[in-house]
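Chemist: Following this message is one structure expressed as structure tokens.
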Amino acid sequence: METIPLRSRPKRKTKWPLTIILLLFIITGTLLYIYYPFASTKKGNYLSGEYPILIKGAIHGNAIRSENELYIPLNTVKNQIDDSIYEESHSLIITTKLSVIQIPYNQKVLYVNGKPKQTKFPIMKNVSNHTYISLETLQSLYPIQYEITKHTGVIWIHLDGEQYDNGKIVSKNVRKAFLRLRMRQNLQSPYVTEVNRGETVHIEREYKEYYFVRTLDGFGGYIQKAYVKKENAKHVQIPFPKEVINLPAISKPIQMSWEAVYTKTPNPSQLPIMAGVNVVSPTWFRLKNENGDISNLLSSKYIKWAKQHHIQVWALFSNSSNPDLTKAAFSTFEKRQKIIQSIVKIANKEHLDGINIDIENVRPEDGPLVTQFVREITALLHANHKYVSMDITFIAKGNWSEFYEREKLGKIVDYLIIMAYDEHWANSPVAGSVASLPWVESGLKPILKLVPNDKIILGVPFYSRLWKEEWKDGKKNTSSRALTMNQANEWIKKHKVKVQMDSESGQHYVQYLDSKTNITYKMWIEDEYSLAKRADIAGHNQLAGIASWARAFGNEHAFMSLQSTLSAYNQN
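Its first residue numbered 1, the sequence shown is counted upward by one per residue in full-length UniProt numbering.
The following block contains the structure:
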């Protein structure tokens, strides 16, 4: 009998060796990546060209050398040191707290407040349609210092007030890859240079486990924190003459009132008592023509009266609310200086305490011209110990508001005075308040984000508008006329109308229908109540004070209302 062999079941092959090998491969790869990463060996191009400029932790273009003097691009200076430098066709204008400096192109001279100062080399150069300025001159005008690094030729400019931490490279037996400064925060990024153990670096910033450090040769890049020991902090202090603005003492809060002068200044002996007023601003100076001439209605008698009553005089200068005239007169340094020198000369001769700048109705594109004029006149008035205030509007569109560079202006002048009125102007198609309280509060908020509150004076109206609404041919015609506070009171008494509280405006309000003519009259009243509320807004926001337009529109009760309300805040 044949024996049939039984087929044996094949043994199952185990997968454990393959799994173990795979795990070992993963673990080994991970360890290699962590401890021996595949770092980039590519060197990035950090410094290029001759004399690269290092400022504020970054490279900004290149300097040039001419006649053994270093010159740096004007754009670099404007972007990194002083954005208020102003270029004109033939010169550069730099303003400091007390000086206006004119630097003509390609000349060995500069003018400080009009006085020439000779130099050994041209301060400004134009090379290949690019403007450069002498670094040596910049160092005399600004609190900066510079050094030229030994091995790289970097022009390293230090600014007063800069801060950084010193650090030292610490490493033991680590691969070169770890001591390379990287362009980004990982080892796979190209490097810019290598550092060595014990080398001093500046720590400029940090990002997670990395520092951004800078070598003494000017190279900057990222390195892991583990290889840098943070040491002492460094605060850059550069000795530089400080310009101190000395102005006449004035008590706070300021309570100013404009004296509207159109032909002749009123006889001061006939002026009423103005409780609390410590500044008057008579509208004496006006831009006359595009050549920079000004008209002058100044009254020495009025100034003498103000001084006797311990009231400062900040005479007003107006652009005549003429956009074409303003552009033409402010377009060149020479014309601006003609205006400014005339005002400064009169201010000194007549012992004025300050100037109030009232520039209105300017095209938005000409706003920088206005700002430059304000820079220049402020420096020269401050040099002569005069206050500078400027009138502005709430933020809006159009020629009456958009041109004001409020944040810049707030850094230049002593006070910005907000003309917080004419919410509904004389020819408004809709009757309404001259300045409703919610409108004032709403308009003030965005300006407080741009300008410190202690540099803001709130303008308030001493006038009301009497609105007249009549129907003709099925169409409502709206017109108005301005009334002084006394005239408004007389009109209310004459027509025996009941004064109501208008919740929307926060003011007293009257309405009267003339049955004979079928004409409706409306008036939102400026009185002691509304003025106290406006002073409340100034006090609550800790503003510098109040300015009233205009003195002749108010009465003694108006000044007393402002004074009592402001005094209450001043005592708190």
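Even glycine gets a Cβ: it sits at the ideal position worked out from N, Cα and C.
Only a predicted model underlies this, so the values are computations on that prediction, with no experimental measurement involved.
Considering only residues of the stretch 66-94, which uninterrupted beta strand (DSSP E) runs meet the minimum length of 3 residues and lie entirely inside it, listed in chain order?
Modeler: The qualifying runs are 69-73.
Chemist: Taking the beta strand (DSSP E) that residue 574 falls in, what are its first and last residues?
Modeler: The structure shown does not extend to residue 574, since the chain is modelled only from 1 through 572, so no value can be given for it.
Chemist: Per DSSP, what kind of secondary structure is glycine 539 in: helix, strand or coil?
Modeler: helix
Chemist: Between isoleucine 203 and tyrosine 211, which are expected to be in contact by the criterion C-beta below 8 Å, what is the C-beta distance as a whole number of angstroms?
Modeler: Correct: roughly 5 Å between the Cβ atoms.
Chemist: Can you tell which of Gln511, Arg363, Thr378, Ile492 has the C-alpha that lies nearest to the C-alpha of isoleucine 355?
Modeler: Taking only the C-alpha atoms, the option nearest isoleucine 355 is Thr378.
Chemist: So the alpha helix (DSSP H) serine 269 belongs to, where does it begin and stop?
Modeler: Segment: none, serine 269 is in no alpha helix (DSSP H) and carries neither H nor E.
Chemist: When burial is assigned at 16 or more other CB atoms within 10 Å of the CB, is proline 473 buried or exposed?
Modeler: First, the amino acid is wrong: residue 473 is aspartate here, not proline. Label assigned to aspartate 473: exposed.
Chemist: With respect to the beta strand (DSSP E) encompassing glutamate 407, which residues constitute its N-terminal and C-terminal limits?
Modeler: Element bounds for glutamate 407: not the beta strand (DSSP E) but the alpha helix (DSSP H), 406-412.
Chemist: Have a look at Met124, Ile294, Pro266 and flag the residue whose alpha-carbon is nearest the alpha-carbon of glutamine 341.
Modeler: Measuring from the Cα of glutamine 341, the nearest candidate turns out to be Ile294.
Chemist: Please name the residue in Ala550, Gln542, Leu74 whose C-alpha comes closest to that of threonine 565.
Modeler: Considering only alpha carbons, the answer is Gln542.
Chemist: Distance, Cα to Cα, histidine 90 vs proline 438?
Modeler: If I take the Cα positions, the gap works out to 49 Å.
Chemist: Which stretch, first to last residue, makes up the alpha helix (DSSP H) that contains proline 446?
Modeler: First-last of the alpha helix (DSSP H) with proline 446: 437-448.
Chemist: What do you reckon, are the CB atoms on lysine 455 and tyrosine 415 nearer than 7 Å?
Modeler: For the 7 Å CB-CB criterion, lysine 455 and tyrosine 415 form a contact.
Chemist: Is the CB-CB distance between histidine 385 and asparagine 278 below 7 Å?
Modeler: no
Chemist: For valine 344, name the three-state secondary structure that DSSP assigns.
Modeler: helix
Chemist: Taking the alpha helix (DSSP H) that leucine 141 belongs to, which residues open and close that run?
Modeler: 135-141 is the span of the alpha helix (DSSP H), which, as asked, contains leucine 141.
Chemist: If you follow the beta strand (DSSP E) that glycine 367 is part of, which residue opens it and which one closes it?
Modeler: Unbroken run through glycine 367 is the alpha helix (DSSP H), 367-383; no beta strand (DSSP E).
Chemist: Which one of Pro461, Gln563, Lys533, Gln372 has the shortest CA to CA distance from tryptophan 549?
Modeler: Ranking Pro461, Gln563, Lys533, Gln372 by Cα distance to tryptophan 549 puts Pro461 first.
Chemist: Are glycine 367 and glutamate 405 closer than 7 Å when you measure CB to CB?
Modeler: Yes, the pair counts as a contact, with Cβ atoms nearer than the cut-off.
Chemist: Quick check on methionine 501: buried or exposed, where buried means 16 or more other Cβ atoms within 10 Å of its Cβ?
Modeler: exposed
Chemist: Report yes if the C-beta distance between isoleucine 412 and valine 451 is below 7 Å; otherwise report no.
Modeler: no
Chemist: What is the DSSP secondary structure of asparagine 570, counted as helix, strand or coil?
Modeler: helix
Chemist: In three-state terms, what does DSSP make of leucine 110?
Modeler: strand
Chemist: So serine 561 and alanine 532 are in contact, right, with Cβ under 8 Å, and what is the actual spacing, rounded?
Modeler: 5 Å
Chemist: Give the DSSP-derived three-state secondary structure of tyrosine 227 in the structure shown.
Modeler: helix
Chemist: Below 7 Å CB to CB, which residues in the same chain sit around arginine 184 once its five sequence neighbours on both sides are set aside?
Modeler: Tyr222
Chemist: Out of Glu199, Lys288, Tyr164, Ser464, which one is the CA nearest neighbour of arginine 180?
Modeler: Distances from the CA of arginine 180 to each of Glu199, Lys288, Tyr164, Ser464 were compared; the closest alpha carbon is that of Glu199.
Chemist: Just grab the DSSP bridge partners of leucine 483 for me.
Modeler: Under DSSP, leucine 483 takes part in a beta bridge, and its partners are Ser464.
Chemist: Grouping DSSP H, G and I as helix and E and B as strand, with all else coil, what is threonine 119?
Modeler: In the structure shown, threonine 119 sits in coil (DSSP, three-state: anything other than H, G, I, E or B).
Chemist: Could you tell me the boundaries of the beta strand (DSSP E) in which threonine 96 lies?
Modeler: Where threonine 96 is concerned, there is no enclosing beta strand (DSSP E), given that its DSSP letter is neither H nor E.
Chemist: Name the residue from Glu350, Met256, Gly114 whose alpha carbon lies nearest to the alpha carbon of lysine 302.
Modeler: Correcting the residue identity first, residue 302 is tyrosine in this sequence and not lysine. Considering only alpha carbons, the answer is Glu350.
Chemist: Does threonine 565 come out as helix, strand or coil in the three-state DSSP assignment?
Modeler: Helix at threonine 565.
Chemist: Please name the residue, chosen from Met523, Ile525, Trp524, Asn570, that lies closest to isoleucine 546 on a Cα-to-Cα basis.
Modeler: Asn570
Chemist: Where DSSP assigns a beta bridge to isoleucine 157, which residues make up the other side?
Modeler: Ile55, Tyr146
Chemist: Using a threshold of 7 Å, state whether the C-beta atoms of serine 436 and serine 505 are closer than that.
Modeler: yes
Chemist: Nearest CA to the CA of serine 567: which residue from Gly554, Ala552, Phe553, Ala544?
Modeler: Of the candidates Gly554, Ala552, Phe553, Ala544, the one whose C-alpha sits nearest the C-alpha of serine 567 is Ala544.
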